[in-house]
Amino acid sequence: MKLSSSSTESPTIINKDEFEKKEEEVKHLNPLDAPGPKDIPFWGEDPNVLFQGKYLYELFPVANMSYNQKLNALSRTIILLTLISIMLSGFTRSVFIGFVTLVAVYILHHYHNKEIRMKQRETEGFDNPVEDLMKDEDITLEPEVFDTPKSSNPFSNVLMSDYDYNVDKKPAPPSFNQNVNEEILTNAKKMVQEINPDQPNIQDKLFRSLGEEMVFEQSLRPFHSTSSTTIPNDQQAFAEFCYGSMISCKEGNPFACARNLARHTNY
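Sequential numbering from 94 applies to the sequence shown in this note's numbering.
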(Lines of atoms letter the chains of each structure in order from A; the text may use other names.)
(Lines give C-alpha, C1' and ligand atoms only; values in the text may rest on other atoms or scores of the structure.)
Protein backbone atom coordinates (compact mmCIF):
# COMPACT_ATOMS: atom_id res chain seq x y z
CA MET A 94 0.00 0.00 0.00
CA LYS A 95 1.44 3.34 -1.07
CA LEU A 96 1.01 6.52 0.84
CA SER A 97 -0.36 9.51 -1.00
CA SER A 98 1.97 12.35 -1.78
CA SER A 99 0.11 14.66 0.59
CA SER A 100 0.90 12.44 3.58
CA THR A 101 4.66 12.44 2.89
CA GLU A 102 5.02 16.18 2.37
CA SER A 103 6.75 18.13 5.14
CA PRO A 104 4.70 20.84 6.89
CA THR A 105 5.08 24.36 5.60
CA ILE A 106 7.05 26.61 7.96
CA ILE A 107 6.07 30.28 8.02
CA ASN A 108 8.41 32.73 9.68
CA LYS A 109 7.31 35.60 11.91
CA ASP A 110 7.43 38.30 9.20
CA GLU A 111 5.25 36.31 6.79
CA PHE A 112 2.76 35.55 9.59
CA GLU A 113 2.44 39.24 10.53
CA LYS A 114 2.02 40.17 6.84
CA LYS A 115 -0.78 37.62 6.39
CA GLU A 116 -2.40 38.82 9.60
CA GLU A 117 -2.45 42.42 8.33
CA GLU A 118 -4.00 41.27 5.03
CA VAL A 119 -6.75 39.43 6.92
CA LYS A 120 -7.46 42.53 9.02
CA HIS A 121 -7.95 44.61 5.87
CA LEU A 122 -10.37 42.02 4.49
CA ASN A 123 -12.31 41.59 7.73
CA PRO A 124 -15.67 43.40 7.47
CA LEU A 125 -15.86 43.70 11.26
CA ASP A 126 -12.89 46.08 11.21
CA ALA A 127 -14.51 48.51 8.79
CA PRO A 128 -13.63 52.13 9.50
CA GLY A 129 -16.17 54.32 11.27
CA PRO A 130 -17.81 57.44 9.89
CA LYS A 131 -15.52 60.21 8.70
CA ASP A 132 -15.13 63.41 10.66
CA ILE A 133 -17.02 65.82 8.38
CA PRO A 134 -17.45 69.44 9.54
CA PHE A 135 -20.86 70.94 10.21
CA TRP A 136 -22.14 73.51 7.70
CA GLY A 137 -22.06 76.16 10.43
CA GLU A 138 -18.26 75.78 10.49
CA ASP A 139 -17.79 75.28 6.74
CA PRO A 140 -20.84 76.21 4.59
CA ASN A 141 -19.14 74.86 1.46
CA VAL A 142 -19.60 71.30 2.72
CA LEU A 143 -23.29 71.50 1.70
CA PHE A 144 -22.36 71.93 -1.95
CA GLN A 145 -19.33 69.68 -2.28
CA GLY A 146 -19.73 67.11 -5.03
CA LYS A 147 -19.03 63.99 -2.95
CA TYR A 148 -21.65 64.99 -0.34
CA LEU A 149 -24.16 66.73 -2.61
CA TYR A 150 -26.44 63.70 -2.96
CA GLU A 151 -26.62 62.99 0.77
CA LEU A 152 -30.18 64.13 1.45
CA PHE A 153 -31.40 61.65 4.08
CA PRO A 154 -29.63 60.70 7.34
CA VAL A 155 -28.61 57.04 7.54
CA ALA A 156 -27.06 54.94 10.30
CA ASN A 157 -23.47 54.91 9.00
CA MET A 158 -23.24 58.74 8.93
CA SER A 159 -21.64 60.85 11.62
CA TYR A 160 -23.73 63.32 13.62
CA ASN A 161 -22.50 66.32 11.59
CA GLN A 162 -23.07 64.43 8.37
CA LYS A 163 -26.68 63.70 9.34
CA LEU A 164 -27.37 67.36 10.12
CA ASN A 165 -25.78 68.39 6.82
CA ALA A 166 -27.97 65.94 4.91
CA LEU A 167 -31.06 67.21 6.72
CA SER A 168 -30.09 70.81 5.92
CA ARG A 169 -29.70 69.99 2.22
CA THR A 170 -33.18 68.51 2.23
CA ILE A 171 -34.54 71.66 3.90
CA ILE A 172 -32.87 73.89 1.31
CA LEU A 173 -34.14 71.71 -1.55
CA LEU A 174 -37.71 71.71 -0.22
CA THR A 175 -37.53 75.47 0.31
CA LEU A 176 -36.50 76.04 -3.31
CA ILE A 177 -39.29 73.77 -4.55
CA SER A 178 -41.79 75.58 -2.33
CA ILE A 179 -40.61 78.97 -3.67
CA MET A 180 -41.33 77.86 -7.21
CA LEU A 181 -44.77 76.46 -6.33
CA SER A 182 -46.07 78.88 -3.73
CA GLY A 183 -45.42 82.22 -2.09
CA PHE A 184 -41.88 83.54 -1.77
CA THR A 185 -41.96 85.12 1.70
CA ARG A 186 -43.54 82.27 3.61
CA SER A 187 -41.25 79.59 2.15
CA VAL A 188 -38.05 81.54 2.85
CA PHE A 189 -39.14 82.24 6.42
CA ILE A 190 -40.01 78.60 7.16
CA GLY A 191 -36.75 77.34 5.63
CA PHE A 192 -34.69 79.92 7.54
CA VAL A 193 -36.33 79.08 10.87
CA THR A 194 -35.78 75.35 10.28
CA LEU A 195 -32.09 75.86 9.50
CA VAL A 196 -31.71 77.97 12.64
CA ALA A 197 -33.29 75.13 14.64
CA VAL A 198 -30.77 72.68 13.15
CA TYR A 199 -27.92 75.05 14.04
CA ILE A 200 -29.16 75.38 17.65
CA LEU A 201 -29.47 71.59 17.90
CA HIS A 202 -25.85 71.21 16.79
CA HIS A 203 -24.70 73.93 19.23
CA TYR A 204 -26.29 72.30 22.29
CA HIS A 205 -25.12 68.86 21.22
CA ASN A 206 -21.50 70.07 21.13
CA LYS A 207 -21.99 71.89 24.43
CA GLU A 208 -23.20 68.68 26.07
CA ILE A 209 -20.20 66.76 24.70
CA ARG A 210 -17.77 69.38 26.06
CA MET A 211 -19.42 69.25 29.49
CA LYS A 212 -19.09 65.45 29.61
CA GLN A 213 -15.45 65.65 28.56
CA ARG A 214 -14.78 68.27 31.21
CA GLU A 215 -16.38 66.07 33.87
CA THR A 216 -14.34 63.01 32.91
CA GLU A 217 -11.09 64.92 32.42
CA GLY A 218 -11.55 66.72 35.72
CA PHE A 219 -10.72 63.49 37.58
CA ASP A 220 -7.82 62.63 35.29
CA ASN A 221 -5.93 65.96 35.31
CA PRO A 222 -6.88 68.00 38.40
CA VAL A 223 -3.47 69.69 38.42
CA GLU A 224 -3.84 70.89 34.83
CA ASP A 225 -7.32 72.26 35.58
CA LEU A 226 -5.99 74.14 38.63
CA MET A 227 -3.11 75.57 36.61
CA LYS A 228 -5.52 76.80 33.94
CA ASP A 229 -7.83 78.39 36.51
CA GLU A 230 -4.97 80.10 38.38
CA ASP A 231 -3.09 80.99 35.17
CA ILE A 232 0.06 79.19 36.33
CA THR A 233 2.78 78.42 33.78
CA LEU A 234 5.74 76.11 34.24
CA GLU A 235 9.09 76.08 32.52
CA PRO A 236 9.18 73.68 29.57
CA GLU A 237 12.07 71.67 31.07
CA VAL A 238 11.44 71.36 34.79
CA PHE A 239 12.63 67.76 35.12
CA ASP A 240 15.52 65.80 33.74
CA THR A 241 14.93 63.56 30.72
CA PRO A 242 15.41 59.79 31.22
CA LYS A 243 18.21 58.36 29.09
CA SER A 244 19.25 54.84 28.22
CA SER A 245 22.38 55.24 30.37
CA ASN A 246 20.31 56.51 33.32
CA PRO A 247 16.60 55.64 32.96
CA PHE A 248 15.64 56.79 36.48
CA SER A 249 17.64 60.07 36.27
CA ASN A 250 19.54 59.45 39.48
CA VAL A 251 22.72 61.36 40.34
CA LEU A 252 25.80 59.65 38.86
CA MET A 253 29.39 60.14 39.98
CA SER A 254 30.17 61.77 36.65
CA ASP A 255 27.42 64.36 37.24
CA TYR A 256 29.47 66.01 39.98
CA ASP A 257 32.03 67.00 37.34
CA TYR A 258 30.11 67.28 34.07
CA ASN A 259 26.46 67.90 35.01
CA VAL A 260 26.46 70.10 38.08
CA ASP A 261 23.17 71.81 37.13
CA LYS A 262 21.30 68.52 36.82
CA LYS A 263 17.52 68.84 36.98
CA PRO A 264 15.44 66.62 39.30
CA ALA A 265 14.13 63.29 38.09
CA PRO A 266 10.58 63.29 36.68
CA PRO A 267 7.84 61.56 38.70
CA SER A 268 7.85 57.91 37.70
CA PHE A 269 4.21 57.46 38.74
CA ASN A 270 3.25 59.52 35.68
CA GLN A 271 2.16 57.18 32.89
CA ASN A 272 4.13 58.97 30.17
CA VAL A 273 7.27 59.04 32.32
CA ASN A 274 6.81 55.37 33.20
CA GLU A 275 6.62 54.42 29.52
CA GLU A 276 9.70 56.53 28.79
CA ILE A 277 11.62 54.78 31.59
CA LEU A 278 10.67 51.36 30.20
CA THR A 279 11.69 52.39 26.68
CA ASN A 280 15.09 53.64 27.83
CA ALA A 281 15.63 50.52 29.95
CA LYS A 282 15.07 48.40 26.83
CA LYS A 283 17.52 50.58 24.92
CA MET A 284 20.07 50.02 27.67
CA VAL A 285 19.66 46.25 27.28
CA GLN A 286 20.34 46.64 23.56
CA GLU A 287 23.37 48.89 24.10
CA ILE A 288 25.09 46.57 26.56
CA ASN A 289 24.62 43.68 24.11
CA PRO A 290 25.92 45.09 20.81
CA ASP A 291 26.78 41.62 19.51
CA GLN A 292 23.05 40.72 19.47
CA PRO A 293 21.32 43.35 17.32
CA ASN A 294 17.82 41.84 17.67
CA ILE A 295 17.86 41.15 21.38
CA GLN A 296 14.81 43.36 22.00
CA ASP A 297 12.71 41.26 19.64
CA LYS A 298 13.90 38.12 21.42
CA LEU A 299 13.26 39.35 24.97
CA PHE A 300 10.06 41.39 24.58
CA ARG A 301 7.89 39.42 22.20
CA SER A 302 4.73 38.91 24.26
CA LEU A 303 2.66 40.57 26.97
CA GLY A 304 3.92 38.10 29.57
CA GLU A 305 7.55 38.95 28.84
CA GLU A 306 6.71 42.65 29.09
CA MET A 307 5.17 42.09 32.53
CA VAL A 308 8.19 40.10 33.70
CA PHE A 309 10.46 42.91 32.52
CA GLU A 310 8.42 45.54 34.38
CA GLN A 311 8.48 43.45 37.55
CA SER A 312 12.26 43.11 37.26
CA LEU A 313 12.52 46.91 37.59
CA ARG A 314 10.86 46.93 41.03
CA PRO A 315 14.17 47.12 42.99
CA PHE A 316 15.19 50.20 41.01
CA HIS A 317 13.76 53.67 41.59
CA SER A 318 14.65 57.35 41.64
CA THR A 319 16.28 58.39 44.91
CA SER A 320 14.72 60.94 47.25
CA SER A 321 17.03 63.71 46.00
CA THR A 322 18.24 63.76 42.40
CA THR A 323 19.91 67.18 42.15
CA ILE A 324 23.39 68.58 42.82
CA PRO A 325 23.73 69.66 45.56
CA ASN A 326 21.05 67.65 47.31
CA ASP A 327 18.03 69.68 48.35
CA GLN A 328 18.48 68.93 52.05
CA GLN A 329 15.94 71.51 53.22
CA ALA A 330 13.13 70.09 51.09
CA PHE A 331 14.02 66.55 52.14
CA ALA A 332 14.04 67.54 55.84
CA GLU A 333 10.69 69.28 55.49
CA PHE A 334 9.30 66.19 53.79
CA CYS A 335 10.47 63.97 56.68
CA TYR A 336 9.91 66.25 59.67
CA GLY A 337 7.95 69.24 58.42
CA SER A 338 4.63 68.24 59.99
CA MET A 339 6.09 67.21 63.36
CA ILE A 340 5.26 69.46 66.31
CA SER A 341 7.63 70.23 69.20
CA CYS A 342 7.58 72.13 72.48
CA LYS A 343 10.58 74.16 71.28
CA GLU A 344 8.37 76.09 68.88
CA GLY A 345 5.79 76.72 71.62
CA ASN A 346 3.19 74.19 70.57
CA PRO A 347 0.98 73.56 73.65
CA PHE A 348 0.10 70.00 72.65
CA ALA A 349 3.77 69.09 72.31
CA CYS A 350 4.63 70.78 75.62
CA ALA A 351 1.89 68.77 77.34
CA ARG A 352 3.85 65.62 76.57
CA ASN A 353 6.53 66.73 79.03
CA LEU A 354 4.06 66.73 81.93
CA ALA A 355 4.29 63.84 84.37
CA ARG A 356 0.60 63.07 84.00
CA HIS A 357 0.81 62.81 80.18
CA THR A 358 0.25 59.37 78.68
CA ASN A 359 0.09 58.18 75.09
CA TYR A 360 -2.85 55.87 75.85
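The beta carbon of each residue, even a glycine, is placed where N, CA and C say it ideally should be.
*Could you check if residue 352 is buried or exposed, using at least 16 other CB atoms within 10 Å of its CB as the buried criterion?*
Translated into positions along the sequence shown, residue 352 becomes position 259. Classification for residue 352: exposed.
*asked:* From the DSSP secondary-structure annotation, give me the bridge partner or partners of residue 246.
replied: The sequence position of residue 246 within the sequence shown is 153, counting from 1. Looking at the DSSP assignment, residue 246 forms a beta bridge with 243.
*Are the CB atoms of residue 248 and residue 316 nearer to each other than 8 Å?*
Counting from one through the sequence shown, the residue named residue 248 turns up at place 155. Counting from one through the sequence shown, the residue named residue 316 turns up at place 223. It is a contact, given that the beta carbons lie within the stated cut-off.
*From residue 310 to residue 251, what distance separates their C-alpha atoms?*
As a working mapping, residue 310 is identified with position 217 in the sequence shown. As a working mapping, residue 251 is identified with position 158 in the sequence shown. Rounded to the nearest angstrom, the gap between the Cα atoms of residue 310 and residue 251 is 22 Å.
*Kindly indicate which residue of 137, 267, 134 has the alpha-carbon position closest to the one of residue 319.*
On the sequence shown, residue 319 is found 226 positions in, with the first residue counted as 1. Among 137, 267, 134, the Cα nearest to that of residue 319 belongs to 267.
_Given this structure, state the Cα-to-Cα distance separating residue 177 from residue 271, to the nearest angstrom._
Along the sequence shown, one-based indexing puts residue 177 at 84. Along the sequence shown, one-based indexing puts residue 271 at 178. Distance between the alpha carbons of residue 177 and residue 271 is about 58 Å.
*Could you say if the region 145-164 and the region 182-194 meet the contact criterion of at least three C-beta pairs nearer than 8 Å?*
no
*Quick one: grab the DSSP three-state call for residue 255.*
Taking the first residue of the sequence shown as 1, we reach residue 255 at position 162. Helix, per DSSP.
*Rounded to a whole number of angstroms, what is the C-alpha to C-alpha distance between residue 331 and residue 321?*
If you number the sequence shown from 1, residue 331 lands on position 238. If you number the sequence shown from 1, residue 321 lands on position 228. Taking the straight line joining both Cα atoms gives about 7 Å.
*Consult DSSP for residue 184 and reduce its assignment to one of helix, strand or coil.*
Counting from 1 along the sequence shown, the entry for residue 184 is found at position 91. In the structure shown, residue 184 sits in a helix (DSSP, three-state: H, G or I).
*asked:* Let me make sure I understand the geometry here. Which of 341, 154, 281 has the alpha-carbon closest to that of residue 312?
replied: Your numbering for residue 312 matches position 219 in the sequence shown. Among 341, 154, 281, the Cα nearest to that of residue 312 belongs to 281.
_Buried versus exposed, by CB contacts within 10 Å (16 or more), residue 246_ = In the sequence shown, residue 246 corresponds to position 153, counting from 1. Burial call: buried.
*Quick one: using the 10 Å Cβ neighbour count with 16 as the cut-off for buried, is residue 325 buried or exposed?*
The residue labelled residue 325 in the question sits at position 232 within the sequence shown. Per the 10 Å Cβ criterion, exposed.
_Alpha carbons only, please: which of 174, 296, 213, 327 is nearest the one belonging to residue 279?_
On the sequence shown, residue 279 is found 186 positions in, with the first residue counted as 1. Closest by alpha carbon: 296.
*Would you decide whether residue 139 is buried or exposed? Buried here means 16 or more other CB atoms lie within 10 Å of its CB.*
Here residue 139 corresponds to residue number 46 of the sequence shown, with the count starting at 1. Classification of residue 139: exposed, given that the 10 Å Cβ count is below 16.
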